[in-house]
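Residue numbers for the sequence shown, in mature numbering (1 follows the signal peptide of the UniProt record, and there is no 0): -27 to -1, 1 to 444. Every residue, glycine too, gets a C-beta built ideally from N, C-alpha and C. These numbers were taken from a predicted model, which means no experiment stands behind them. Single-structure report; data block below.
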Amino acid sequence: MSLVLAAVTAGSVSVSALWLTAGDAEAASTGRLVSAASGRCLDVVGNAPTTGTRVQIWDCNGQANQTWTFTDAGELRVFNNSLCLDAEGGQTSPGTAAVIWSCTGAANQRWRLNSNGSITGVQSGLCLDVSGAATTAGTLVALWNCNGQANQRWSQTGGNPTTPPTTPGSCAVAPVDPNATAAARRLLCYVYSQYGNHILSGQQESTWVSGPDYEMNIIRNASGKYPAVRGQDMGDAPDFGARGLAWWNAGGIPMVGYHMGSPAQNTDGYNGSLMRANINAALTSGTADNGRLNQRLTAWANQLKVIQNGGGAVLFRPWHEASGTWFWWSMEGAGQYNRLWVYTYNFMRAQGVHNLVYLHPFNGSPSAAWYPGKQYVDIGGADTYAGDHGPLTSMFNAARSVYGGTIPIALHENGRIPDPAQLQSSGARWVLFNTWHTSFISDGSTNPPSFINTVYNSSYVVTRDEVPNLR
């Protein structure tokens, strides 16, 4: 008998073959388990093959942490059949956590698929339940009294595509720009698909040391790979557009920020970004400060449109290190920062720039006061240059407490690259890292070549050759 999880259709469930207890089955079935309520897959948190790790629902992506095998012993195995779905601690009360554990053959690791699509624990008789009947990615799964509701029904169908959609509107994630280009929508969907399952590699470029590919070549020479994300800065290189488009056409993703000079004076770039501004004047039409701000934003928009006109999309991270006090855009406090963010969002749209995925970039101390709101932000971020190669879990959790459990969170600048193994074991689900330029990648001690090779050849880390066709 072939064990098949049948489709959920129009609110009803048709099951062509029931999962029976051990001794009744003759074969195993392998595939994803999709919640009827959300269309999201049963997923091991953080893609971590560690005993005791919780399970949740997450956007379907076809990875090993979402591939489950019903064995003829009544188990639900994952990670190439190496670990089993387990009712934590052998408990039988409602609310017991569903975790993964070493396979023991015990009753708390045996399961039954019922005719209504529910999955019950053989030991407890309780159903595998998406907590609170929630449908958002990241909702944990536990055991609960069986009630037949959609958050307790599972099948092999539904869910989000494993590769980005080819047409606008075929992804459930809506960009904050309602006029976003097809490429921007595909990029946003792809970032969401990787969140919690992989981390995109990224490297900030310099343009003044041995050519604009200096850092990219260091990574290539150490690992044989290129980063998926190329970090760029309008303040460092006001001609970034052509390189960003070339990176996109080569299969990568440009991410663009700007060390913009204070609008109160004429110096642009990093030095100007450290000077004081008058944000009220900068945002008031007709003032000299507003004229300088608009002039710089227009120049930025024109470079972004080089990428847009070539069919490319951009991770757009304006006004980085929010809640810091060193750049003029943060010196006057959260309220003024948020005004500037919204002004920039509206300005870019008015300029016809619609190829942007808006990345909101905190510094190392995320604070809700500095968040302009989900209506203006596609993905979140935080950064630090402190620490070793650890997962930066506390900073990730601080950012997640502001953004919530569904928005991908980027490590948009870093010194030392976090160790992929520690990221997985800790559950710090950064969706990308972006190592800073020059000495941070070239000095041989901050990120040694051997470590670069380990990172860029990790199965958890996405490199440029592994990004699907977003064009």
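Assigned secondary structure, residue i (DSSP; H/G/I helix, E/B strand, else coil)
i           : result
GLY(-5)     : Low local confidence applies: a pLDDT of 31 at GLY(-5) is under 50, so the model's placement there is unreliable, with the coordinate-based value given in what follows. Reduced to three states, the DSSP call for GLY(-5) is coil.
PHE369      : helix
ILE172      : strand
GLY353      : strand
THR139      : Residue confidence for THR139 is low, a pLDDT of 37 falling below 50, so the modelled location carries little weight and cannot support an answer.
PHE424      : helix
PHE300      : coil
TRP343      : helix
GLN122      : coil
SER97       : coil
residue 449 : For residue 449 there is no data in the structure shown, the boundaries of the chain being -27 and 444.
PHE213      : helix
ALA394      : helix
CYS162      : helix
ALA155      : helix
GLY105      : helix
GLN167      : helix
GLN129      : coil
SER75       : coil
ALA110      : coil
ALA115      : strand
ALA295      : strand
VAL7        : strand
VAL375      : helix
VAL435      : strand
Spatial distance of residue i from residue j (CA atoms)
i           : j      : result
TRP343      : ALA261 : 26 Å
ASP209      : GLY62  : 55 Å
GLN348      : MET233 : 24 Å
VAL95       : ASN54  : 19 Å
GLY400      : ARG437 : 24 Å
GLU(-2)     : TYR433 : A caution first: GLU(-2) carries a pLDDT of 31, below 50, which makes its placement in the model unreliable, though a value can still be read off. The alpha-carbon atoms of GLU(-2) and TYR433 are separated by roughly 34 Å.
LEU443      : ALA157 : 9 Å
VAL28       : GLN268 : 50 Å
ALA274      : MET321 : 6 Å
LEU288      : PRO148 : 12 Å
GLU305      : PRO381 : 28 Å
ASN34       : THR109 : 15 Å
TYR199      : ALA145 : 30 Å
ILE425      : PRO391 : 11 Å
SER91       : LEU56  : 21 Å
THR154      : LYS278 : 12 Å
GLN182      : GLY204 : Just to set this straight, residue 182 is Val in the shown sequence, not Gln. Rounded to whole angstroms, VAL182 to GLY204 spans 16 Å at the Cα level.
GLY346      : GLY105 : 25 Å
GLY297      : SER340 : 10 Å
SER15       : ALA107 : Just to set this straight, residue 15 is Leu in the shown sequence, not Ser. About 13 Å.
THR135      : GLY4   : Because THR135 sits at a pLDDT of 32, beneath the cut-off of 50, its placement in the model cannot be relied upon, and the following sentence gives the value as read from the coordinates. Roughly 13 Å between the two C-alpha positions.
residue 474 : TYR168 : Look at the range of the chain in this structure, -27 to 444, and you will see that residue 474 is not part of it.
VAL421      : LEU384 : A quick correction: the sequence has Pro, not Val, at residue 421. Rounded to the nearest angstrom, the two C-alpha atoms are 20 Å apart.
residue 450 : SER97  : Here the chain comprises residues numbered -27 to 444, so residue 450 is not present and cannot be evaluated.
SER412      : SER179 : 11 Å
N- and C-terminal bounds of the beta strand (DSSP E) containing residue i
i      : result
GLU188 : That residue, GLU188, is in no beta strand (DSSP E); its alpha helix (DSSP H) goes 187 to 196.
GLN39  : Element bounds for GLN39: n/a, residue is neither H nor E.
LEU15  : 14 to 17
GLU386 : 382 to 387
HIS333 : 329 to 334
THR3   : 2 to 4
TRP31  : 28 to 31
GLN205 : 202 to 206
ALA60  : 56 to 60
TRP84  : 84 to 86
VAL51  : 49 to 51
Segment limits, alpha helix (DSSP H) that includes residue i
i           : result
residue 464 : Summary: the structure shown does not reach residue 464, with the chain confined to residues -27 through 444, and so no result is reported for it.
PRO67       : No alpha helix (DSSP H) contains PRO67, which DSSP labels as neither H nor E.
VAL404      : Here VAL404 belongs to no alpha helix (DSSP H), and DSSP marks it neither H nor E.
SER415      : 412 to 415
Between the segment 55 to 71 and the segment 107 to 117, are three or more C-beta pairs nearer than 8 Å? When Cβ pairs closer than 8 Å are counted between the two stretches, the segment 55 to 71 is seen to touch the segment 107 to 117, the count reaching three or more.
Say whether the segment 238 to 247 touches the segment 162 to 175, bearing in mind that this needs 3 or more beta-carbon pairs closer than 8 Å, one atom from each stretch. The answer is no - the segment 162 to 175 does not touch the segment 238 to 247, with fewer than three Cβ pairs under 8 Å.
Can we say the segment 245 to 257 touches the segment 214 to 228, given the rule of at least three CB pairs closer than 8 Å? No: fewer than three Cβ pairs fall under 8 Å.
Can you list, in chain order, the stretches of the beta strand (DSSP E) that have 3 or more residues and sit fully within the segment 219 to 274? Runs found: 226 to 230.
For the segment 386 to 406 against the segment 154 to 171, do three or more pairs of beta-carbon atoms, one drawn from each stretch, fall closer than 8 Å, so that the two count as touching? Enough Cβ pairs lie closer than 8 Å, so yes.
Evaluate contact between the segment 330 to 337 and the segment 349 to 356, counting only Cβ atoms and requiring at least three cross-stretch pairs below 8 Å. With the cut-off at 8 Å, the segment 330 to 337 and the segment 349 to 356 touch.
Per the contact definition of three or more C-beta pairs closer than 8 Å, is the segment 183 to 190 in contact with the segment 290 to 305? They do not touch, by the three-pair rule.
Cβ contact check for the segment 120 to 131 and the segment 90 to 104: 3 or more pairs under 8 Å: Flag = yes, the segment 120 to 131 and the segment 90 to 104 touch.
Any 3 or more C-beta pairs closer than 8 Å across the segment 281 to 290 and the segment 215 to 224: Output reads yes: the segment 215 to 224 touches the segment 281 to 290.
Below 8 Å, can you find three or more Cβ-Cβ pairs linking the segment 41 to 52 to the segment 76 to 93? By the Cβ rule, the segment 41 to 52 counts as touching the segment 76 to 93, because three or more pairs are nearer than 8 Å.
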